[in-house]
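A short worksheet on the structure shown next.
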Amino acid sequence: MKWGLLGGTFDPIHFGHLRAAEEMLQIFNLNRIIFVPSSRPPHKLEGQITSFYHREQMVRMAIEGNVSFSFSDVENLREGKSYSVETVEHILNKYLEDLDLYFIIGQDAFQAITTWKDWEKLLLLCNFAIMTRPGYENKGLAGILPQSFAAQFEYIKKIDGYKGPTGHFLYFRSVTFLDISSSHIREAMKTGQSIRYLMPDNVRNYIVKNSLYKNHD
Numbered sequence: 011m012k013w014g015l016l017g018g019t020f021d022p023i024h025f026g027h028l029r030a031a032e033e034m035l036q037i038f039n040l041n042r043i044i045f046v047p048s049s050r051p052p053h054k055l056e057g058q059i060t061s062f063y064h065r066e067q068m069v070r071m072a073i074e075g076n077v078s079f080s081f082s083d084v085e086n087l088r089e090g091k092s093y094s095v096e097t098v099e100h101i102l103n104k105y106l107e108d109l110d111l112y113f114i115i116g117q118d119a120f121q122a123i124t125t126w127k128d129w130e131k132l133l134l135l136c137n138f139a140i141m142t143r144p145g146y147e148n149k150g151l152a153g154i155l156p157q158s159f160a161a162q163f164e165y166i167k168k169i170d171g172y173k174g175p176t177g178h179f180l181y182f183r184s185v186t187f188l189d190i191s192s193s194h195i196r197e198a199m200k201t202g203q204s205i206r207y208l209m210p211d212n213v214r215n216y217i218v219k220n221s222l223y224k225n226h227d
């Protein structure tokens, strides 16, 4: 099995998330992409994000009808802060024998990977599929990872990826960049602007019905 793992706050999920996931599914010929909403992101203060319940409902609505997309509440079931390294370990321990896992991450997030908990361990646990904007110039791992750590990865031209010491790869792949952000959607709701065509209609209707983001600071 080849699975992709796409984490995020998804507050709310939008077409940018969905289109990028669809393209990564095709680029790496994945069997499935699992959407994993963060329950208690360590980089956000308590109260800054919408309840997990609402974000779960929106993700489920957004991916319904796509048999290659699925949802996991693994981070909500775990107490404490939501750390990617623990989520990856959980999934690998459950499906290790049959699973080739790709951790899907945006270019900006990967640039800050060294601020994540146990980032060295995380980068060696599975493959990393880094989504870049069109025109991104791949200058390698230098400047992103410490030189001593980056030196463990060998660039393989044939697959345009970096092979790590555990046999997993880091890939940089361009995806269609839709200039949509969850923060813009939240701001639009607060100021009474339209959010039509930024996300699936069922998600938009859910936001309006539940008056989400209108009082979101």
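Under this note's numbering, the first residue of the sequence shown carries the number 11, and numbering increases by one thereafter.
Using N, Cα and C, we set each Cβ at its ideal position, and we do this for glycine too.
Cutoff 7 Å; reference VAL159; Cβ partners in own chain excluding five residues on either side: It should be noted that the sequence gives Phe, not Val, for residue 159. Counting only Cβ-Cβ distances below 7 Å, and skipping sequence neighbours, we find GLU130.
Could you pull the DSSP bridge partners for ARG183 from this structure? MET141
With 16 other Cβ atoms within 10 Å as the buried cut-off, status of GLU85: buried
Taking DSSP as the reference, what is the three-state secondary structure of SER80? strand
To which residues of the same chain is ARG29 closer than 8 Å at the C-beta, ignoring the five residues directly before and after it? VAL185, THR186, LEU188
Please state whether DSSP places GLU147 in a helix, a strand or coil. In the three-state scheme derived from DSSP, where H, G and I count as helix and E and B as strand, GLU147 is classed as coil.
With DSSP collapsed to three states, give me the class of HIS226. Per-residue confidence for HIS226 stands at a pLDDT of 42, beneath the threshold of 50, marking its modelled position as unreliable; no derived number is given.
Simplified DSSP assignment, three categories, for PHE159: helix
Per DSSP, what kind of secondary structure is LYS62 in: helix, strand or coil? The question names Lys, yet the displayed sequence has Phe at residue 62. In the structure shown, PHE62 sits in a helix (DSSP, three-state: H, G or I).
According to DSSP, is PHE25 helix, strand or coil? helix
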